[in-house]
Amino acid sequence: MVVRKRFGQHFLNDKSVIARIAKVVDVLPENNVIEIGPGHGAITDFLVSSDCHLRLIEIDKNLVLKLKQRFGTHIDILTGDALKFDYKKFGKSLRVIGNLPYNISTPLLFKLYKYVDQIQDMTFMLQKEVVDRLCARCGTKNYGRLTIMTQYYCIAEKIFDVAPTSFSPKPKVHSAVVKLTPHKNPTQSKNLECLQNIVTGAFSQRRKTIRNSLKPWLNEEELGSIGLDTSLRPQELSVNDYIKCANLAWEHQS
């Protein structure tokens, strides 16, 4: 087995973990599925057996050849970087699945969030630390920028942890499976860039109160006008609190 470090490859080979993922995903024949980073096809096997409409995205050309030999013409195998695809062309009600390379997981998540209007759900194997941040609750140590922006778009649910021994080669960190389901009726920010800037600014000064960390956008009186205690710290504001801050700041800029 050839492993390319630049692709962050750790191949899932634990059949019990694969079976648990299959149960969680519960793919149906009518589903429109994309698997990112299929590797040697451990998860692909159960996707193919479901008879769904399946596409694979794999950057490693050697693995693409092996996947084509293994699965033949049953599925579409696309060669390329998952960060560079236009997911609009894959249609609606997408179900996205993957054992994501840890070195691209966060930028890939932010890429996919741009397409939530056409995504049904996403189920990923990620570094446990990242999953804990995605699913963190307001007021906890893991709650931060990644939490806010993820939960702005999706309901994030940690499914189960996975030990390093389930992979080859063994990663130095633990992993976890997470399910991300886009909100059906999301609370919209009036300007997404403004929301992103406020969240980034707040958590770059995590120990400061919002009276200070949000000063570039809103003063103390304005924060009070939307019901916020200015002595709170960034991790104590909910996703909706940040949306309210961004909407008020955007109104003042417009």
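Sequential numbering from 228 applies to the sequence shown in the numbering used here. Yeah, the Cβ is synthetic: ideal placement off N, Cα and C, and Gly gets one too.
Which whole-angstrom value describes the C-beta separation of residue 450 and residue 437, a residue pair presumed to lie in contact below a C-beta threshold of 8 Å? If you number the sequence shown from 1, residue 450 lands on position 223. If you number the sequence shown from 1, residue 437 lands on position 210. Confirmed, about 6 Å.
Say whether the segment 373–381 touches the segment 336–346, bearing in mind that this needs 3 or more beta-carbon pairs closer than 8 Å, one atom from each stretch. yes
If I measure Cβ to Cβ from residue 355 and keep anything under 7 Å in the same chain, skipping five residues before and after, which residues do I get? Taking the sequence shown and counting its residues from 1, one reaches residue 355 at position 128. Same-chain partners within the cutoff: 388, 400, 401, 402 and 403.
Counting pairs of Cβ atoms below 8 Å between the segment 255–262 and the segment 410–417, do you hit three or more? no
Using the C-alpha atoms, what's the distance from residue 323 back to residue 346? Position 119 of the sequence shown holds residue 346. Position 96 of the sequence shown holds residue 323. Approximately 8 Å, taken between the alpha carbons.
Taking Cβ positions, are residue 248 and residue 269 nearer each other than 7 Å? If you number the sequence shown from 1, residue 248 lands on position 21. If you number the sequence shown from 1, residue 269 lands on position 42. No, they are not a contact pair.
From the DSSP output, in three-state form, read off residue 238 for me. Translated into the one-based positions of the sequence shown, residue 238 becomes position 11. If DSSP states are grouped into helix, strand and coil, residue 238 belongs with the strands.
Would the beta-carbon of residue 362 fall within 7 Å of that of residue 383? Reading the sequence shown from its first residue, position 135 is the one you call residue 362. Reading the sequence shown from its first residue, position 156 is the one you call residue 383. Taking 7 Å as the Cβ cut-off, residue 362 and residue 383 qualify as a contacting pair.
Are the beta-carbon atoms belonging to residue 342 and residue 314 less than 7 Å from one another? What you label residue 342 is simply residue 115 of the sequence shown in a count that begins at 1. What you label residue 314 is simply residue 87 of the sequence shown in a count that begins at 1. Going by C-beta atoms, residue 342 is nearer than 7 Å to residue 314.
Could you name the residues of the same chain whose beta carbon sits closer than 7 Å to that of residue 327, not counting the 5 residues immediately before and after it, in chain order? Taking the first residue of the sequence shown as position 1, residue 327 is located at position 100. Hits under 7 Å: 263, 264, 335, 351, 352 and 353.
Using the rule of at least 16 other Cβ atoms within 10 Å of the residue's Cβ for burial, across every protein chain shown, is residue 237 buried or exposed? Looking up residue 237 in the sequence shown gives position 10. It counts as buried.
Do you know how far the Cα of residue 414 is from the Cα of residue 467? By one-based count along the sequence shown, residue 467 stands at place 240. By one-based count along the sequence shown, residue 414 stands at place 187. Computed Cα separation, rounded: 8 Å.
Same chain, Cβ closer than 8 Å to residue 359, neighbours up to 5 away in sequence not counted: The sequence position of residue 359 within the sequence shown is 132, counting from 1. Around residue 359: 369, 385 and 403.
Within its chain, find whatever has a CB closer than 8 Å to the CB of residue 231; leave out the 5 residues flanking it on each side and keep chain order. Here residue 231 refers to the residue found at position 4 when the sequence shown is read from its first residue. Bear in mind that the predicted position of residue 231 carries a pLDDT of just 45, short of 50, making it too unreliable to give a figure here.
Cut-off 8 Å between Cβ atoms - residues of its own chain near residue 441, not counting five sequence neighbours on either side: Working through the sequence shown from its first residue, we reach residue 441 at position 214. Within the same chain, residue 441 has close Cβ partners 425, 428, 429, 450 and 472.
Between which residues of its own chain and residue 461 is the CB-CB distance below 7 Å, once the five residues before and five after are set aside? Along the sequence shown, read from residue 1 onward, the residue named residue 461 stands at position 234. Closer than 7 Å at Cβ, skipping near neighbours: 429, 430, 433, 437 and 440.
Please classify residue 332: is it buried, with 16 or more other beta-carbons within 10 angstroms of its beta-carbon, or exposed? Position 105 of the sequence shown holds residue 332. With 16 or more Cβ atoms within 10 Å of its Cβ, residue 332 is classed as buried.
Measure the C-alpha to C-alpha separation of residue 307 and residue 296 and round it to an integer number of angstroms. Position 80 of the sequence shown, counted from the first residue, corresponds to residue 307. Position 69 of the sequence shown, counted from the first residue, corresponds to residue 296. Using only the alpha carbons, I get a separation of about 18 Å.
Between 281, 454 and 395, which has its C-alpha nearest residue 241's C-alpha? Locating residue 241 in the sequence shown gives position 14, where the first residue counts as 1. Each of 281, 454 and 395 was checked against the Cα of residue 241, and the nearest Cα belongs to 395.
Could you name the residues of the same chain whose beta carbon sits closer than 7 Å to that of residue 481, not counting the 5 residues immediately before and after it, in chain order? Translated into positions along the sequence shown, residue 481 becomes position 254. Excluding residues within five positions, none has a Cβ falling inside 7 Å.
Could you pull the start and end residues of the alpha helix (DSSP H) that residue 357 belongs to? As a first step, residue 357 is located in the sequence shown; it is residue number 130 there, counting from the start. Element bounds for residue 357: 355–361.
Limits of the unbroken alpha helix (DSSP H) element including residue 428: Numbered from 1 along the sequence shown, position 201 holds the residue referred to as residue 428. Looking at the DSSP string, the run of the alpha helix (DSSP H) that includes residue 428 is 419–430.
Answer yes or no: do residue 260 and residue 279 have a C-beta to C-beta separation smaller than 7 Å? Position 33 of the sequence shown, counted from the first residue, corresponds to residue 260. Position 52 of the sequence shown, counted from the first residue, corresponds to residue 279. Against a cut-off of 7 Å, the Cβ pair of residue 279 and residue 260 comes out as a contact.
Report the three-state DSSP secondary structure of residue 390 (helix, strand or coil). Looking up residue 390 in the sequence shown gives position 163. Here residue 390 sits in coil by DSSP.
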